[in-house]
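Asker: Protein chains in written order, with our numbering: chain A, 1089 to 1592; chain B, 1089 to 1592; chain C, 1089 to 1592; chain D, 1089 to 1592. This is the structure I have questions about; it appears just below.
There are 4 protein chains.
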Amino acid sequence: MERTESTQDTTAFNMPDWMQIQFADQKREFNKRPTKIGRRSLSRSISQSSTDSYSSDSSDDETSPRDKQQKNSKGSSDFCVKNIKQAEFGRREIEIAEQEMPALMALRKRAQGEKPLAGAKIVGCTHITAQTAVLIETLGALGAQCRWAACNIYSTLNEVAAALAESGVPVFSWKGESEDDFWWCIDRCVNVEGWQPNMILDDGGDLTHWIYKKYPNMFKKIKGIVEESVTGVHRLYQLSKAGKLCVPAMNVNDSVTKQKFDNLYCCRESILDGLKRTTDMMFGGKQVVVCGYGEVGKGCCAALKAMGSIVYVTEIDPICALQACMDGFRLVKLNEVIRQVDIVITCTGNKNVVTREHLDRMKNGCIVCNMGHSNTEIDVASLRTPELTWERVRSQVDHVIWPDGKRIVLLAEGRLLNLSCSTVPTFVLSITATTQALALIELYNAPEGRYKQDVYLLPKKMDEYVASLHLPTFDAHLTELSDEQAKYLGLNKNGPFKPNYYRY
Amino acid sequence: MERTESTQDTTAFNMPDWMQIQFADQKREFNKRPTKIGRRSLSRSISQSSTDSYSSDSSDDETSPRDKQQKNSKGSSDFCVKNIKQAEFGRREIEIAEQEMPALMALRKRAQGEKPLAGAKIVGCTHITAQTAVLIETLGALGAQCRWAACNIYSTLNEVAAALAESGVPVFSWKGESEDDFWWCIDRCVNVEGWQPNMILDDGGDLTHWIYKKYPNMFKKIKGIVEESVTGVHRLYQLSKAGKLCVPAMNVNDSVTKQKFDNLYCCRESILDGLKRTTDMMFGGKQVVVCGYGEVGKGCCAALKAMGSIVYVTEIDPICALQACMDGFRLVKLNEVIRQVDIVITCTGNKNVVTREHLDRMKNGCIVCNMGHSNTEIDVASLRTPELTWERVRSQVDHVIWPDGKRIVLLAEGRLLNLSCSTVPTFVLSITATTQALALIELYNAPEGRYKQDVYLLPKKMDEYVASLHLPTFDAHLTELSDEQAKYLGLNKNGPFKPNYYRY
Amino acid sequence: MERTESTQDTTAFNMPDWMQIQFADQKREFNKRPTKIGRRSLSRSISQSSTDSYSSDSSDDETSPRDKQQKNSKGSSDFCVKNIKQAEFGRREIEIAEQEMPALMALRKRAQGEKPLAGAKIVGCTHITAQTAVLIETLGALGAQCRWAACNIYSTLNEVAAALAESGVPVFSWKGESEDDFWWCIDRCVNVEGWQPNMILDDGGDLTHWIYKKYPNMFKKIKGIVEESVTGVHRLYQLSKAGKLCVPAMNVNDSVTKQKFDNLYCCRESILDGLKRTTDMMFGGKQVVVCGYGEVGKGCCAALKAMGSIVYVTEIDPICALQACMDGFRLVKLNEVIRQVDIVITCTGNKNVVTREHLDRMKNGCIVCNMGHSNTEIDVASLRTPELTWERVRSQVDHVIWPDGKRIVLLAEGRLLNLSCSTVPTFVLSITATTQALALIELYNAPEGRYKQDVYLLPKKMDEYVASLHLPTFDAHLTELSDEQAKYLGLNKNGPFKPNYYRY
Amino acid sequence: MERTESTQDTTAFNMPDWMQIQFADQKREFNKRPTKIGRRSLSRSISQSSTDSYSSDSSDDETSPRDKQQKNSKGSSDFCVKNIKQAEFGRREIEIAEQEMPALMALRKRAQGEKPLAGAKIVGCTHITAQTAVLIETLGALGAQCRWAACNIYSTLNEVAAALAESGVPVFSWKGESEDDFWWCIDRCVNVEGWQPNMILDDGGDLTHWIYKKYPNMFKKIKGIVEESVTGVHRLYQLSKAGKLCVPAMNVNDSVTKQKFDNLYCCRESILDGLKRTTDMMFGGKQVVVCGYGEVGKGCCAALKAMGSIVYVTEIDPICALQACMDGFRLVKLNEVIRQVDIVITCTGNKNVVTREHLDRMKNGCIVCNMGHSNTEIDVASLRTPELTWERVRSQVDHVIWPDGKRIVLLAEGRLLNLSCSTVPTFVLSITATTQALALIELYNAPEGRYKQDVYLLPKKMDEYVASLHLPTFDAHLTELSDEQAKYLGLNKNGPFKPNYYRY
């Protein structure tokens, strides 16, 4: 896979050593893995409301879940969550999410007749949120048995985990687990008597990695891996290149529909949301420079232009640069406008795009944020020097103060603004979850030989199917080809309608 | 090549019999080849002004150029044009075009040191316009010898042909030549004593075809073919599939930059222009349905939405359909809105998208036009029935009148609106011409073995180079990667910056 | 009337001496009255098609209509037109116009019951076009007797005049009449035995002026004047100020609906149309400066921004300037950007906004045009100097060439671009014509004392009525207030809904 | 003043009995005065951060400020605030606000030479926020002595009040004061020995009312009242109509600049912000109906259209309706689309625009909110019936659940969304505060006789001055008229540039 797009996800290039497929990489600090979170951030809905409702309840219970004895109402204790009693509240959140994930619900309906995942034993490792719960329960409805752990030590919504456990899903995760807990939970998912997974759904590659290290024999029964994150996909490509990938893997991160939503459509809205929630600024008349005119940059530019900002663009790629021109943006080098702009937004997938030198030249009050990837685009480290004062003025908002009193407003300490300071709509997560479900179905049902020990993109046709499952949300009516037209175009009436590389 | 995009160019696929590589296909009617013209229409600038200036002059001279004795001022008579005396006027047009084709002029400048086409003997067959003249003279400046014929019997601008002949280019073409003249001119280009072409620049494939039929041995010396049109590219792929392609060929039609300009950017402007020039209608508040949401459809929709029209979209591809939804257009089936819309625009690459049944249900005054391809998208033939009256109300505008008095306004008889009723800006033609020049340079200079007897896309890096040559027009300043950044991204500092399939 | 808006119509302020209400002003050159035409330019539809059809017919008949004996089919010879035989063709044009003027047709329908203009004897002096014909015949349907002359010696469409004459309207006008003919025609309208006008519909004030000078006693029977043009309204205000206005007059030029359409909506479309038709330029990426951010400027800026141009604005009024900022345009002084822009557009209502000094500093190929008013905004006179060469490259397009070869592209010699180089949609003319009809009805039926010898704006309620008559075109459904809501708002359920000054 | 615009502020029409100028109206419930707050909501910046920092501090101090003995560092105790020790934190907030209120800071600079408010004794009653503090201290810098109370029992930021008290401003207010406290604070402002106000700055009319009731003689010395709120302005017009207004009053609510920012520009941003913060919804592809196409509606529609929503509009006024059409929105009656839309937004200034019948027909998940005025636009009361269940899912977000399980998402219980669920940028408040300052200067310095005992709008020229003071924020450069141009336009070079009624 060539990977140079300036999207939010093109992280982890040349990711250094930790991918060396050795246990050592588990030593990394968990709370410093911004890349890994990638686009898979959490919808606010439950986190906030649940915090409101249960904060007292949760905070005063300091016993580790590993040390607790809990049973669900059916008597099972094959799970480990913060507090099984929170199940009811979590169930309500799941029900609300179901309303906004019509594609998965449609899959469930179709599954009433056939069970495409009958016999599937899926072990999963993802963020555990209401949206994930809808996915897991959909997989169950399609015939699969699932066991689940969290892919991030902070992102589990305890109430949702409780609801899953209550409904019989063996889930092992809680918010704020330690690194040791993290691997213990994963191990509890796979290391079970009388149960061996035959499918893996991973997000970041940790689960896959663990099985590789600890239970390599398990791969004999595994039919495939579905991986969603940039990081995890990168690990898979490395394995593949090294000839060590021993089952087919599906890269769902790069499916067209998911990319368009993760980058263009989602960022078009979240750039406005993230800036408003953190700074309450007015967009009208503001001068903004957007670094990078890939899909993320295009979304940011379009939104800000529509709100009356004056937008400049920087680019390294002449084709994207020409697009910026044709779309009505002045293409500049950052240096040319750095003194005059009110906002600097990075969307490059690159590093050190905004340097200390740039920061030194910005005007008082300039807002700096990152919509691109990781936390490398702005050289935040260069601001940790004695002559500069940092003042935390609000959650996720720092004033960095120069000796002459100039203040730069740094958002989310240079991490992804939209993940830190805004929320991802359930609809976007629905597209991802549907893509994951279809990838699992495809890999599980593929005839012998269709997939080898390699990394695959979701077939175009299934990508189109994901899209079609989301059209009813918009009351959108697709036109069907007549036989004559299909023949004229040389197409199958049911698609795929475009070549695989089509991404306009 | 997979071919299902709903762009303006996806014509002629499955084109039935005429590609049988037999002389018979030359019998087709020349003025019924709308596909062949494709996007390569002519800028109005010269056609109109020259017509104004010379119409009397041209019309009263009925002698065939083949029967005339003409010499240019240097005494050469190795050309055949309408009237060599028109050279001065043609030269002015070429000079004006030069001002708007900065990329070719930049190539000329670089050619002062090196001559990348030194030794090249190029035979060309394209529309003969001021823009083409700038290309031909640029090829000359790069070191090539050129001989040229027209690819269309109507499109030659006589004054430009005269100016080329006067400056020493052997050019054989005039406006309104007969079919017999057409092939005679081509033959005069290649059938010369003491000169054999080693490069072909073709537009439609007729020149290539002629050499295949008449002088197959010439291919021994030919290093490559550069083909620009959809039709010609299709013919080449057919030859390749049949194992009959005996030199490398470059498909410049599908280069990214060209496609973006031909489809998205150009149509965004020409849909407005074409509708205004033909109907003087007001866009604000009008209800419009656009069939097809590929690049052409996206351009049309964006422009009309911006002008205050209410736009509906039809699509067969769920991914494009979802994009239409996210961009703010109601996705409908044509039947749902056909009674209420003021304008119907086809952009599908398909056939019979607008049927007689649809036409019967449209409201009085509804405007119908085609921005897609060919003349098949609207079933115009179905309107040639006795009960309907056709009234030509203006050039390119017909009222088709139903027995009850209802009038449908049909533009350009269902042929491409933007080719028939608006003009193509020189800037778009500049991108095409630059792409052609670079493709010639690449094929001519490629080391042995880089290209086999197959059809190739322009290398990504050259596509990027075409784009970069057009940035100065916008006073656009490209950012360069630092060494550190290039390493981080795993890129060469000079590109290519994206994978080949990248088309966002 | 306070008059400082930078709209297209704010012409002629401080108009010097010719308004001195003396016969002398008739000596002015008729073809140099760009202001007078104002926004009421002609739809192209008939002019072009009729030219096509009848050019030979018309051109070979050199007899002055004043010297011809013509009768219509009913035997009447109370008219004077170019050629009564062209009536049939003109009738078709009128019928086409009727289709796009639904408001007048709606008025005709309502008139089947009551005849609000029964007894009205209207003398009119306007452009004579298909749209005017629809107005005149509507006035007839409402009960009025009309006699008509042209307000401009060039603008009469002979076929339409013939059709009116054939249907029994005494019309006196032809295209290309002399100045002497002009006044003779007006005189023939008013100087009739046994018929005296009681209403005047004027466009420019010439008819009113003629009656003042020649038949002042006629005003005893005249109930009112309806005047549409900026110039004519100005003359009326001068008369009023001088105490010489002896009947009520209605200024229909400044009604809200008309202004919005004449300025914002119409210019939003015609700026693109005018630039394309004259220069075939591409808008994407072009740098444009728009001088003036009134309604006209707002329309131009919005359209160009939507097409991907980069737009700068100049303003003198800080409130409009702040709006430009909030709408996303850099507010600059012309000097700051004059060297870099590709297009300069004036929309100020002012004079010498673009000076020779600015023109000297523009870059090669810069396009300069006027969308504001008159021909004073660009100091064109300053370009008539020996060192500059003018080259007419196309109708309405001049290249002005500096000694160093730099070319400035001047459109329409600095006159209004949209009047010279694009057309006015019938829909805009429909709003004007409906406003005129309602103003006539209002003045004719107003109870004694409602209007004094002064200049009035159309009552808000009638302005709203004009708007409501045009809503069906868009299939638009107005909401009605409930009794409770009307009471809550303190409004009459039928309007007016806004205070008189409301213009947002 | 005619007041029927459908803006956010057109509240209080036919406001019933409480304006009877009797003490009784003080009995109204304070927390039910949504109208009064109007647009003057609070920037979040301080409220949130201060809450974060001081919540513990504030909450454990239950002593009423009236019972405390506090002195500032200079020994003065002529104030009553929650806790004088919070001054330092409040000062920082004021300093941050100063950075975003450049116009007031510019006024301070000019005041170094002249003191236009020297001798002024201003009593003020407004929200007490950082932005107000900047205003108060600016008035001080201009020469005035000020005493201040709060116009709302909840809106005082205690830290800011402390900072003002510390710097010597006698301020009487705290957050959460009782109704009795409210009037006690106002009385402490005006009932002072040896000090009598000669100017009033009011926001809601309570202060004015109190003086009328208690100290009518004070009006002998008072030069004028500046009132900002719709409610207060309404009370003044009532007083004026009743002949009881005994000093000039300036209505700053209706100045052009303020209206544009309060309605069009601010709502364009806050509709997106308010919806995102409450629902995390995605805008792309959503169907939205906006009731009312005044300035607020225009802003909402433009923003949502730009974000890819499909927007329908309802209107009662045909002129605004026609504008909606021309801007590209389908004009419908609410009933036509109520079943299909995802969001309903009211912007009418009317009552019961969304009725129970509409609510019954909405689809599951439909979001309903009010951007217009007050809390009357949606008939929320009709939802308080036994068969419907209310569920508070988040702050300001209720699910109203029908017996069949359908949920309607009601925001802010039908009160103004942007006041309840988003924040007002400081820049908007800066425009208001500057307008207030200039109005005070104008009234205080006006020559005898310029203003009578009536309600006035801010002179156009001062409105323009407010705008010009805000242009530097955008680095915007105003063009100046030349003498020749000013003469041509008949304008003073320094303005005013437009007639008073100009509001485009």
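Glycine is no exception: its CB is placed at the ideal position from the N, C-alpha and C atoms.
What are the complete beta strand (DSSP E) segments, minimum 3 residues, inside the stretch 1367-1445 of chain A?
Answerer: Whole beta strand (DSSP E) segments, 3+ residues: 1375-1379, 1398-1402 and 1431-1434.
Asker: What three-state label does DSSP hand N1240(B) in the structure shown?
Answerer: The residue given as residue 1240(B) occupies position 152 in the second sequence. In this structure, N1240(B) counts as coil in the three-state DSSP scheme.
Asker: In chain B, which residues lie with their C-beta within 9 Å of the C-beta of S1397(D)?
Answerer: Numbered from 1 along the fourth sequence, position 309 holds the residue referred to as residue 1397(D). In chain order: G1416.
Asker: Determine the closest residue to T1296(D) out of Y1325(D), D1269(D), G1282(D) and E1281(D), with distance taken between C-alpha atoms.
Answerer: Numbered from 1 along the fourth sequence, position 208 holds the residue referred to as residue 1296(D). Considering only alpha carbons, the answer is Y1325(D).
Asker: What are the residues in the stretch 1207-1232 of chain D lying within 9 Å of chain A by C-beta distance?
Answerer: Answer in chain order: no residues at all.
Asker: Is there a Cβ of chain A sitting closer than 8 Å to that of E1465(B), yes or no?
Answerer: The residue labelled residue 1465(B) in the question sits at position 377 within the second sequence. Not an interface residue.
Asker: Can you tell which of I1426(C), D1405(C) and L1577(C) has its C-alpha closest to the C-alpha of V1399(C)?
Answerer: Locating residue 1399(C) in the third sequence gives position 311, counting from the first residue. Answer by Cα proximity: I1426(C).
Asker: Cutting at 7 Å between CB atoms, please list the residues of its own chain near F1585(B), excluding the five before and the five after it.
Answerer: Position 497 of the second sequence, counted from the start, is the residue given in the question as residue 1585(B). Correct list, in chain order: E1552 and L1579.
Asker: Answer yes or no: does any C-beta atom of chain D fall closer than 8 Å to that of E1075(A)?
Answerer: Nothing can be reported for residue 1075(A), as the shown portion of chain A is limited to 1089 through 1592.
Asker: Measure the CB-CB distance between T1434(D) and G1373(D) and report whether it falls below 8 Å.
Answerer: Taking the fourth sequence and counting its residues from 1, one reaches residue 1434(D) at position 346. Taking the fourth sequence and counting its residues from 1, one reaches residue 1373(D) at position 285. Cβ distance not < 8 Å, so T1434(D) and G1373(D) don't count as in contact.
Asker: For W1478(D), which three-state DSSP category applies?
Answerer: Within the fourth sequence, the letter at position 390 stands for residue 1478(D). DSSP places W1478(D) in strand when its eight states are reduced to three.
Asker: Considering R1472(B), what are the terminal residues of the alpha helix (DSSP H) in which it resides?
Answerer: Here residue 1472(B) corresponds to residue number 384 of the second sequence, with the count starting at 1. Element bounds for R1472(B): n/a, residue is neither H nor E.
Asker: Let me confirm a value: W1298(A) is counted as buried when at least 16 other C-beta atoms fall within 10 Å, else exposed. Which label applies?
Answerer: Sequence index remark: in the first sequence, residue 1298(A) carries index 210 (1-based). Buried, because 16 or more other Cβ atoms sit within 10 Å of the Cβ of W1298(A).
Asker: For F1562(B), go through chain C and note every residue whose CB falls closer than 7 Å to its CB, in chain order.
Answerer: Here residue 1562(B) refers to the residue found at position 474 when the second sequence is read from its first residue. Per Cβ cutoff of 7 Å: G1373.
Asker: Here's the rule I'm using: 16 or more other beta-carbon atoms within 10 Å means buried, otherwise exposed. How should E1536(C) be labelled?
Answerer: Stepping through the third sequence from its first residue, residue 1536(C) is reached at position 448. That one is exposed.
Asker: Chain D partners of C1408(B), CB-CB under 7 Å?
Answerer: Residue 1408(B) sits at position 320 when you count from the first residue of the second sequence. Ordered by position in chain D, no residue passes the 7 Å Cβ test against C1408(B), which lies about 13 Å from the chain.
Asker: Closer than 8 Å, CB to CB, is Y1325(D) near chain C or not?
Answerer: The residue labelled residue 1325(D) in the question sits at position 237 within the fourth sequence. It does not; no Cβ of chain C falls within 8 Å.
Asker: Which runs of the alpha helix (DSSP H) fall wholly inside the stretch 1507-1579 of chain D and span at least 4 residues, in chain order?
Answerer: DSSP runs (the alpha helix (DSSP H)) wholly in the stretch 1507-1579 of chain D: 1514-1533, 1548-1558 and 1571-1577.
Asker: Whose CA, out of C1273(C), F1349(C), H1322(C) and N1240(C), lies closest to the CA of A1555(C)?
Answerer: Translated into the one-based positions of the third sequence, residue 1555(C) becomes position 467. If we check each option's Cα against that of A1555(C), F1349(C) comes out closest.
Asker: Consult DSSP for G1312(B) and reduce its assignment to one of helix, strand or coil.
Answerer: Stepping through the second sequence from its first residue, residue 1312(B) is reached at position 224. Note: G1312(B) maps to strand in three-state DSSP.
Asker: If contact means a Cβ-Cβ distance below 8 Å, which residues of the stretch 1430-1447 of chain A contact chain D?
Answerer: Answer in chain order: no residues at all.
Asker: Would you list, in sequence order, the uninterrupted beta strand (DSSP E) runs of no fewer than 3 residues that lie entirely inside the stretch 1166-1202 of chain B?
Answerer: The stretch 1166-1202 of chain B contains no whole beta strand (DSSP E) run of 3 or more residues.
Asker: Provide the residue(s) that pair with V1488(A) in DSSP beta bridges, ordered along the chain.
Answerer: Walking along the first sequence from the start, residue 1488(A) turns up at place 400. Answer by DSSP bridge pairing, in chain order: W1478(A) and I1496(A).
Asker: From S1261(D), D1294(D) and E1530(D), pick the residue whose C-alpha is nearest to that of Y1242(D); which is it?
Answerer: Taking the first residue of the fourth sequence as 1, we reach residue 1242(D) at position 154. The shortest C-alpha separation from Y1242(D) is found at S1261(D).
Asker: With DSSP as the reference, label Y1142(D) as helix, strand or coil.
Answerer: The residue given as residue 1142(D) occupies position 54 in the fourth sequence. Per-residue confidence for Y1142(D) stands at a pLDDT of 37, beneath the threshold of 50, marking its modelled position as unreliable; the derived number appears in the next sentence. Helix.
Asker: Say whether chain A places a C-beta atom closer than 8 Å to the C-beta of Q1573(B).
Answerer: Here residue 1573(B) refers to the residue found at position 485 of the second sequence. For Q1573(B), the answer is yes, since a Cβ of chain A falls inside 8 Å of its Cβ.
Asker: Going by DSSP in three states, L1130(D) sits in which element: helix, strand or coil?
Answerer: The count along the fourth sequence starts at 1 and reaches residue 1130(D) at position 42. Residue confidence for L1130(D) is low, a pLDDT of 39 falling below 50, so the modelled location carries little weight and cannot support an answer.
Asker: Roughly how many whole angstroms lie between the Cα atoms of R1495(B) and D1155(B)?
Answerer: Counting from 1 along the second sequence, the entry for residue 1495(B) is found at position 407. Counting from 1 along the second sequence, the entry for residue 1155(B) is found at position 67. Computed Cα separation, rounded: 48 Å.
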